[in-house]
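Asker: Top to bottom, those sequences are chains A and B. 1 is the number of the first residue of the first sequence in the UniProt record's numbering; add one for each residue after it. 1 is the number of the first residue of the second sequence in the UniProt record's numbering; add one for each residue after it. Cβ atoms here follow ideal geometry from the backbone N, Cα and C, with glycine treated the same way. For reference, the structure I am asking about is given below.
Number of protein chains: 2
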Amino acid sequence: MTDAVVVGAGLAGSLASVYLARRGFHVRVLERREDPRTPGVRESGRSFNLGMSQRAAVALREIGLFDALAPATVPMRGRVVHLADGSLRFQAYGTEEDQVLHSVLRHDLNVALIDEAEKQGVEFRWGHKVTAVDREGPSVTTVSPQGMVEHGADLVIGADGAFSAVRAQLARGARTTLHQEFLEWGYKELLIPVGEDGRPRTELRALHVWPGDDGLIVAHPNVDGSLTATVFLPFEGPGGFAGLDTHSRVRDFFARVFPDTLTLVPDLVEQFLARDVASLVTIRTEPWHVPAGDRRGTVLLGDAAHAVYPFFGQGMNAAFEDCSVLDRCLAAHPHDLPGALAAFEKARRPHTDVLAELSKRNFVELRDKVRSPLFLARKKADLVLHRAFPRSWVPLYTLITHTTVPYGEALARARRQDRLLGSVTAALTGAALAGLARRSRRRRSARQVG
Amino acid sequence: MTDAVVVGAGLAGSLASVYLARRGFHVRVLERREDPRTPGVRESGRSFNLGMSQRAAVALREIGLFDALAPATVPMRGRVVHLADGSLRFQAYGTEEDQVLHSVLRHDLNVALIDEAEKQGVEFRWGHKVTAVDREGPSVTTVSPQGMVEHGADLVIGADGAFSAVRAQLARGARTTLHQEFLEWGYKELLIPVGEDGRPRTELRALHVWPGDDGLIVAHPNVDGSLTATVFLPFEGPGGFAGLDTHSRVRDFFARVFPDTLTLVPDLVEQFLARDVASLVTIRTEPWHVPAGDRRGTVLLGDAAHAVYPFFGQGMNAAFEDCSVLDRCLAAHPHDLPGALAAFEKARRPHTDVLAELSKRNFVELRDKVRSPLFLARKKADLVLHRAFPRSWVPLYTLITHTTVPYGEALARARRQDRLLGSVTAALTGAALAGLARRSRRRRSARQVG
Ligand SMILES: Cc1cc2nc3c(=O)[nH]c(=O)nc-3n(C[C@H](O)[C@H](O)[C@H](O)COP(=O)(O)OP(=O)(O)OC[C@H]3O[C@@H](n4cnc5c(N)ncnc54)[C@H](O)[C@@H]3O)c2cc1C
Ligand SMILES: Cc1cc2nc3c(=O)[nH]c(=O)nc-3n(C[C@H](O)[C@H](O)[C@H](O)COP(=O)(O)OP(=O)(O)OC[C@H]3O[C@@H](n4cnc5c(N)ncnc54)[C@H](O)[C@@H]3O)c2cc1C
């Protein structure tokens, strides 16, 4: 039996442990935090909700957990854009019935995965923080209230998030590529509670976006009718987190930039001032895997391998897809673990590199373009073409969110479409300009006549 | 009096300490290694030689050390290219008398700077390794055989090289950008000894280059008539360091790829097998400086702030220019240390970012293009134009190496020239093709006639 040690019982780690257990591995998960099922943790923790799209859904179906999760999720059929004048605009995600996102509490999803893993025989050690990794073993050392323990294994998986200790340990004295960038914007969460009548205060079955140069809000629905909003703002400056430090400054800012939020969140100012600001990081690194001899090895996955900005809502989706791809690579190389890890990195890294770039780009798009008429026109043309040619014309957002086409191929395809769309738009604009010119000629001649 | 602590007594740290002392600061330098002036260190250490160009020369002139160093340097007036067929080609650096590089042993340069610093009252603590930095103090903690000591200061300078402990400490819990990349090629050094007749075995007053896809050698002259060659090869593969592990493999490889080196270095195989392979890293990071209150702060410079591949021979030159720019910023903000550090980073970082890119590009150029006829033609056109218009047309290499035009401006200017040169080359190529067509038409009609 192959021994696996998974570091981190977050979303990637707990799902990976399920896949490995199903494959017959003996799996131990080491997690720094306490068991999230401990009474009181759900209420006190910094749990937020996530948009689950096609990639995560496919992985959850593979392990047979998707349907069981349905009661814990809210389907989202499109985007509600909140404009600065208080008006709303609805953008449907796509044309098909299954083009929906599912909003789920990170906490609930995590607990479901941990329960499933335990059913499959996975052993969890809570309160165990990994402090060292021996890449040659491989083995990891944990520190817990019970003391220091070394855990040897055939396979070590580093699923310990964006600030991965496993990644840092593997990099010691190695020629590791690391690109780490923080966004100059951070975020805080706000709860949009249910209304006094017990009903949602706004459309529940949608993702809500407040775009803007000065700030950006995204909100996902919860099963209880509330929504969780994430407010993204610059760290610095008077309209940034640093400057918004008094009751009146916060109130004035939201009244000016996001007027309807003050009605949606009656205690907005109190919530805002009470919360800590969190930062956003992009991590690209290489290599993800390190063989140990010809039968063992260590590999990173999830945010430990590729943290991305959350503006495409793909971090967890990509992490789940990692688990599914790794599982397939293990199946394809049953007696060659290092070969499986190499195949996994080769198959996967180019695509998550693309995702990192797309997630950066989408920050700009969400801030600016969702409101720009040209952007909306292009987006509309994109959707019109998609409706006319549902199979051969698929917008990038749809490819990323509602399919499992690898990210890199999705981008390549969208680029080809974009070039065509550019010609189409240019042609349309040309026609419009010609029309404009005709009209103005007519008007001029009319004036000359009159 | 302002207290400064400089971490690292390498090239950047020792020069920075001289500038600070001249400015009236009280300076303490903390260095992990032992005093390089200790008898025996020069002979045993991994000291190699460096090409000193205009930027380093200007800084050394500012502190009045350039002329005193002359006996320790060898001027290089151009490049000798060693081709695979054993033939040599000379490329002069430029047109002016002062367009020379100076080859100097890192060790000798370092000792000269340390001597000068001590003359100016700088205190050096050898065998003191910095293990922690308190950015709020600022202060640094050293570990030495005498125990642990905390050193507080108004100004802390991290000049502790590419794997800077100061940089890592400043990044803890901060939103630090870090780009770290290793080249897939490493290097070993070889000594080309003086000939048996006591004379240099090859042209001494030049930089020597052996270009190639399979490997690359660069050699600088030493004052004793020997040269130090740096052999760059891929880490992996049969023709890489990993594969070149036996006497016969090394001999066969050099005989095939760099035939004349076996004559220049009689004990090449023994030297090659005895040396460790070293790696090459590019580091870009941000921020370089962290203020502490409104009167103190910490700043990085030299390789700690911007390690670059050595293919433009600018790492130390850039480090020296840093020291000079920092000195000017301190002069411009005499009562505002954080302001001076901010001005330094703002003035300097964009240019060293450009240098990092240029140094990557030059790796490709040295490997391939030095031999390509098109490259040589362009280079020749570049030099011809430079000779005709010495002030208004200056090739990129010349701008980087023989002037102190900031790197970013040098690149912008070279790009403008390159566009022109492209048209010129295109025109020339067009003319050549037209000539070719004419000739072939003539030949064809001749045939038809005959
Ligand atoms: C604001 C925001 C919104 C987001 N929205 C979406 C979205 O809508 N859709 C989406 O798909 N993704 C979204 N994401 C991304 C998603 O949250 C992450 O990609 C996902 O959580 C990554 O899972 P992970 O298991 O790799 O890492 P994590 O969830 O960070 O889990 C890592 C685990 O490792 C543990 N750990 C860390 N260090 C150690 C150690 N030394 N020893 C032992 N254990 C350790 C941690 O305690 C944690 O439990 C969002 C992210 C943010 C920040
Ligand atoms: C193969 C090669 C060829 C090169 N050729 C050229 C060339 O031709 N021209 C050129 O301009 N540049 C060249 N360079 C680049 C040049 O060597 C570097 O840019 C230069 O040495 C940087 O100086 P520095 O003082 O910033 O760092 P370093 O020279 O690395 O000095 C750092 C110092 O800090 C000390 N230190 C490190 N950590 C600690 C700690 N924790 N506590 C205390 N002290 C510490 C180290 O012991 C060292 O003395 C070359 C580099 C290489 C690798």
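How is Thr230 (chain B) classed by DSSP in three states: helix, strand or coil?
Answerer: In the second sequence, the residue the question calls residue 230 (chain B) occupies position 230. It is a strand residue.
Asker: Closer than 7 Å, CB to CB, is Phe66 (chain A) near chain B or not?
Answerer: What you label residue 66 (chain A) is simply residue 66 of the first sequence in a count that begins at 1. Cβ-Cβ to chain B under 7 Å: no for Phe66 (chain A).
Asker: Can you tell which of B:Arg28, B:Met1, B:Leu20 has the C-alpha that lies nearest to the C-alpha of Gly8 (chain B)?
Answerer: Against the second sequence, residue 8 (chain B) aligns to sequence position 8. Measuring from the Cα of Gly8 (chain B), the nearest candidate turns out to be B:Arg28.
Asker: On the criterion of 16 or more Cβ atoms from any shown chain inside 10 Å, does Leu170 (chain A) qualify as buried, or is it exposed?
Answerer: For the purposes of this step, residue 170 (chain A) is taken as the residue at position 170 of the first sequence. Burial call: buried.
Asker: My guess is that Thr401 (chain A) and Ser53 (chain A) are in contact by the Cβ rule of under 8 Å, so how many angstroms apart are they, rounded?
Answerer: Indexing the first sequence from 1 puts residue 401 (chain A) at position 401. Indexing the first sequence from 1 puts residue 53 (chain A) at position 53. About 4 Å; that satisfies the 8 Å criterion.
Asker: Could you list the residues in the stretch 271-293 of chain B with a C-beta less than 7 Å from some C-beta on chain A, going in chain order?
Answerer: Those residues of the stretch 271-293 of chain B that come within reach of chain A (Cβ to Cβ, closer than 7 Å) are Ser279.
Asker: Please go through the same chain and pick out, in chain order, the residues whose beta-carbon is closer than 8 Å to the beta-carbon of Met1 (chain B), but skip the five residues on each side of it.
Answerer: Translated into the one-based positions of the second sequence, residue 1 (chain B) becomes position 1. Within the same chain, Met1 (chain B) has close Cβ partners Gly24, Phe25, His26.
Asker: For Phe182 (chain A), decide whether its Cβ has a neighbour in chain B, counting only Cβ atoms nearer than 7 Å.
Answerer: Counted from its first residue, the first sequence places residue 182 (chain A) at position 182. Yes, because at least one Cβ of chain B sits closer than 7 Å to the Cβ of Phe182 (chain A).
Asker: Quick test of the definition: if touching needs 3 or more C-beta pairs under 8 Å, does the stretch 64-73 of chain A touch the stretch 229-236 of chain A?
Answerer: These segments do not touch.
Asker: Whole angstroms is fine: what's the gap from Ala59 (chain A)'s alpha carbon to Phe254 (chain A)'s?
Answerer: By one-based count along the first sequence, residue 59 (chain A) stands at place 59. By one-based count along the first sequence, residue 254 (chain A) stands at place 254. Distance between the alpha carbons of Ala59 (chain A) and Phe254 (chain A) is about 39 Å.
Asker: Please tell me whether Arg175 (chain A) has its Cβ less than 7 Å away from any Cβ of chain B.
Answerer: For this step, residue 175 (chain A) is matched to residue 175 along the first sequence. By this cut-off, Arg175 (chain A) is an interface position.
Asker: Does DSSP put Glu43 (chain B) in a helix, in a strand, or in coil?
Answerer: Here residue 43 (chain B) refers to the residue found at position 43 when the second sequence is read from its first residue. Of the three classes helix, strand and coil, the one that applies to Glu43 (chain B) here is helix, per DSSP.
Asker: For a contact defined as C-beta to C-beta under 8 Å, what are the partners of Leu170 (chain A) on chain B?
Answerer: Locating residue 170 (chain A) in the first sequence gives position 170, where the first residue counts as 1. None at all; the shortest Cβ gap to chain B is about 14 Å.
Asker: Quick one: any contact between the stretch 108-124 of chain A and the stretch 7-21 of chain A, if contact means 3 or more CB pairs under 8 Å?
Answerer: The stretch 108-124 of chain A vs the stretch 7-21 of chain A: in contact.
Asker: Mapping DSSP to helix, strand and coil, what is Ile114 (chain B)?
Answerer: For this step, residue 114 (chain B) is matched to residue 114 along the second sequence. Residue state, collapsed to three classes: helix.
Asker: The beta strand (DSSP E) spanning Ser139 (chain B) covers which residue range?
Answerer: Locating residue 139 (chain B) in the second sequence gives position 139, where the first residue counts as 1. Looking at the DSSP string, the run of the beta strand (DSSP E) that includes Ser139 (chain B) is 139-144.
Asker: Starting from the C-beta of Trp126 (chain A), find all residues in its chain whose C-beta is less than 6 Å away, skip the five residues before and the five after it, and write them out in chain order.
Answerer: Taking the first sequence and counting its residues from 1, one reaches residue 126 (chain A) at position 126. Within the same chain, Trp126 (chain A) has close Cβ partners Glu31, Glu34, Asp35.
Asker: Under the criterion of a Cβ to heavy atom distance below 6 Å, does Pro75 (chain A) qualify as lining ligand 1?
Answerer: Here residue 75 (chain A) refers to the residue found at position 75 of the first sequence. Not under cutoff, so the answer is no.
Asker: Looking at the secondary structure, which residues open and close the beta strand (DSSP E) in which Met148 (chain A) lies?
Answerer: Looking up residue 148 (chain A) in the first sequence gives position 148. Looking at the DSSP string, the run of the beta strand (DSSP E) that includes Met148 (chain A) is 147-152.
Asker: Which word fits Leu262 (chain A), buried or exposed, when buried means at least 16 other C-beta atoms lie within 10 angstroms of its C-beta?
Answerer: The residue you call residue 262 (chain A) lines up with position 262 of the first sequence. With fewer than 16 Cβ atoms within 10 Å of its Cβ, Leu262 (chain A) is classed as exposed.
Asker: In three-state DSSP terms, what is Ile63 (chain B)?
Answerer: Indexing the second sequence from 1 puts residue 63 (chain B) at position 63. Three-state DSSP puts Ile63 (chain B) in coil, outside helix and strand.
Asker: Pairs of beta-carbons, one from the stretch 375-394 of chain B and one from the stretch 301-309 of chain B, closer than 8 Å: are there three or more?
Answerer: Judged by Cβ distances under 8 Å, the stretch 375-394 of chain B makes no contact with the stretch 301-309 of chain B, as fewer than three pairs qualify.
Asker: Thinking Leu385 (chain A) and Phe311 (chain A) are a contact (beta carbons under 8 Å), I'd like their distance in whole angstroms, please.
Answerer: By one-based count along the first sequence, residue 385 (chain A) stands at place 385. By one-based count along the first sequence, residue 311 (chain A) stands at place 311. Not quite, the Cβ-Cβ distance comes to about 24 Å (not below 8 Å), so this is no contact.
Asker: Round the Cβ separation of Phe344 (chain B) and Cys329 (chain B) to the nearest angstrom and send it over; I've been treating them as touching at under 8 Å.
Answerer: Along the second sequence, read from residue 1 onward, the residue named residue 344 (chain B) stands at position 344. Along the second sequence, read from residue 1 onward, the residue named residue 329 (chain B) stands at position 329. Phe344 (chain B) to Cys329 (chain B), Cβ: 4 Å. Contact.
Asker: Taking only beta carbons into account, state which residues of the stretch 211-235 of chain A come closer than 9 Å to chain B, listed in chain order.
Answerer: Those would be Phe235, in chain order.
Asker: Which residues in chain A sit within 9 Å of His179 (chain B), going by Cβ to Cβ distance?
Answerer: For this step, residue 179 (chain B) is matched to residue 179 along the second sequence. The answer, in chain order, is Thr177, Leu178, His179, Gln180, Glu181.
Asker: Considering only their Cβ atoms, is the gap separating Val133 (chain B) from Thr142 (chain B) smaller than 7 Å?
Answerer: Locating residue 142 (chain B) in the second sequence gives position 142, where the first residue counts as 1. Locating residue 133 (chain B) in the second sequence gives position 133, where the first residue counts as 1. Not a contact, by the Cβ cut-off of 7 Å.
Asker: Between the stretch 81-88 of chain B and the stretch 407-421 of chain A, do three or more beta carbon pairs fall short of 8 Å?
Answerer: Cβ pair count under 8 Å is below three, so no.
Asker: For Gly225 (chain B), tell me which candidate among B:Leu264, B:Leu341, B:Gly240 has the shortest Cα-Cα distance.
Answerer: For the purposes of this step, residue 225 (chain B) is identified with residue 225 of the second sequence, where counting begins at 1. Nearest of B:Leu264, B:Leu341, B:Gly240 to Gly225 (chain B), Cα basis: B:Leu264.
Asker: Cβ of Asn110 (chain A) versus every heavy atom of ligand 2: is any distance shorter than 6 Å?
Answerer: To locate residue 110 (chain A), count along the first sequence from 1; it is residue 110. For ligand 2, not one heavy atom lies less than 6 Å from the Cβ of Asn110 (chain A).
Asker: For Trp105 (chain A) versus Asn49 (chain A), is the C-beta distance shorter than 7 Å?
Answerer: Along the first sequence, one-based indexing puts residue 105 (chain A) at 105. Along the first sequence, one-based indexing puts residue 49 (chain A) at 49. Per the sequence presented here, residue 105 (chain A) reads as Leu, with Trp not at that position. For Leu105 (chain A) and Asn49 (chain A), yes; Cβs fall inside 7 Å.
Asker: Which same chain residues, not among the five before or five after Val281 (chain A), have their C-beta less than 6 Å away from its C-beta?
Answerer: Residue numbering aside, residue 281 (chain A) sits at position 281 when the first sequence is read from its first letter. Result list for Val281 (chain A): Ala162, Phe182, Ala307, in chain order.
Asker: Going by the C-beta, is Met148 (chain A) closer than 6 Å to any heavy atom of ligand 1?
Answerer: As a position in the first sequence, residue 148 (chain A) is number 148, starting the count at 1. Outside the cutoff, so no.
Asker: Using DSSP's beta-bridge definition, name the partner residues of residue 515 (chain B).
Answerer: With chain B covering only 1 through 450, there is no way to say anything about residue 515 (chain B).
Asker: What's the gap between the Cα of Ser279 (chain A) and the Cα of Glu189 (chain A)?
Answerer: Numbered from its first residue, the first sequence carries residue 279 (chain A) at position 279. Numbered from its first residue, the first sequence carries residue 189 (chain A) at position 189. Near 12 Å, if we compare the C-alpha coordinates of Glu189 (chain A) and Ser279 (chain A).
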